[in-house]
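Residue numbers (the working numbering): 343 to 574. In what follows, a structure is listed as structure tokens, so that the remarks can point back to it.
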Amino acid sequence: MFRVTVLTLYPDMFPGALGLSLAGKALERGDWALEAVQIRDFASDRHRTIDDTPAGGGAGMVMRPDILAKAIDAVAPQGDARPKLLMSPRGRPLTQQRVRTLATGPGAMILCGRFEGVDQRIIDARDLEEVSIGDYILSGGEPAALVLLDAVVRLLPGVMGNAASGTEESFENGLLEHPHYTRPQDFEGRPIPEVLTSGNHARIAAWRRGEAERLTAERRPDLLSGPQPVTK
């Protein structure tokens, strides 16, 4: 079973949207498991303090490595084969290739940072893989973790009704996805392209490929340089 443990200061944010639709139904069936663990439970003082001022000065607070070590070791002890992820804007960008790799594995332990971030020593000591969902800053790692899990869970066996839905999409073949059309035949003077109603499957496939290449060249030419290497 694909098993996820999320370390967070806000466990009530989970499962969130993952408790709905296909992911939620799969969660209810036991196709995958999710546990959200409160980091403050591993603090030892009566205020359950998990952060302190940054060494060298500066604004904000930094999550302490000793508290995070206790939390990580408790939920992912030695021998746990799951990758240990840290949602971080400075991490490697999440790609569909990385999502597919995660979906074929045993699950993940995900640490959601807050404040100015986490002490670098816990990243090094526990070999955390920093993952980013984009070049912008969120209030914390929880929304990013939900995005990552949504992308991964939908690829787990049995989650999507049609398995082909996961392979005929943007990024799966290095291109953005082609445009889609459905009824009515004419919408405000805009008809469905004739090729899609021709019944000629070879022509349809060629048209879709051509449109995917055109859109990729216009909007994401960086994708045409080929797949990026995946680590871990």
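From the three backbone atoms N, C-alpha and C, an ideal C-beta is built for every residue, glycine too.
{"Item": "Per DSSP, which one or two residues make a beta bridge with I452?", "Value": "V348 and L427"}
{"Item": "Leaving aside the five residues before and after L351 along the sequence, list all residues of the same chain whose C-beta is less than 8 Å from its C-beta, in chain order.", "Value": "Q380, I381, R382, I392, C454, R456 and G482"}
{"Item": "Which residue from V441, G516 and D528 puts its Cα closest to that of V489?", "Value": "V441"}
{"Item": "Determine the direct distance from the alpha carbon of D394 to that of L427, and round the result to whole angstroms.", "Value": "22 Å"}
{"Item": "Starting from the C-beta of V572, find all residues in its chain whose C-beta is less than 8 Å away, skip the five residues before and the five after it, and write them out in chain order.", "Value": "Note that V572 scores 49 on pLDDT, short of 50, meaning its location in the model is unreliable and no value can be drawn from it."}
{"Item": "Quick check on D492: does DSSP put it in helix, strand or coil?", "Value": "helix"}
{"Item": "Please classify F529: is it buried, with 16 or more other beta-carbons within 10 angstroms of its beta-carbon, or exposed?", "Value": "exposed"}
{"Item": "Which whole-angstrom value is the C-beta distance of F356 and L376, which I expect to be below 8 Å?", "Value": "6 Å"}
{"Item": "Helix, strand or coil: how does DSSP classify L376 here?", "Value": "strand"}
{"Item": "Helix, strand or coil for M405, going by three-state DSSP, please let me know.", "Value": "strand"}
{"Item": "Could you check how far apart the C-beta atoms of A445 and V494 are, in whole angstroms? I think they sit under 8 Å.", "Value": "5 Å"}
{"Item": "Given E555, which residues of its chain have a CB within under 7 Å of its CB, disregarding the five upstream and five downstream residues?", "Value": "L517"}
{"Item": "For a quick check, are the C-beta atoms of P435 and S386 less than 9 Å apart?", "Value": "no"}
{"Item": "Using a 10 Å radius around the Cβ and a threshold of 16 neighbouring Cβ atoms, would you call A418 buried or exposed?", "Value": "buried"}
{"Item": "Taking DSSP as the reference, what is the three-state secondary structure of R556?", "Value": "helix"}
{"Item": "Using the Cα positions of P448 and F344, report the straight-line distance between them to the nearest angstrom.", "Value": "5 Å"}
{"Item": "Give me the Cα-Cα distance between C550 and P407, rounded to the nearest whole angstrom.", "Value": "Note on identity: in this sequence residue 550 is Arg, with Cys being the wrong assignment. Distance between the alpha carbons of R550 and P407 is about 50 Å."}
{"Item": "Taking the C-alpha atoms as reference points, what is the distance between I452 and A548?", "Value": "41 Å"}
{"Item": "Can you look up R371 in the DSSP assignment and give me helix, strand or coil?", "Value": "helix"}
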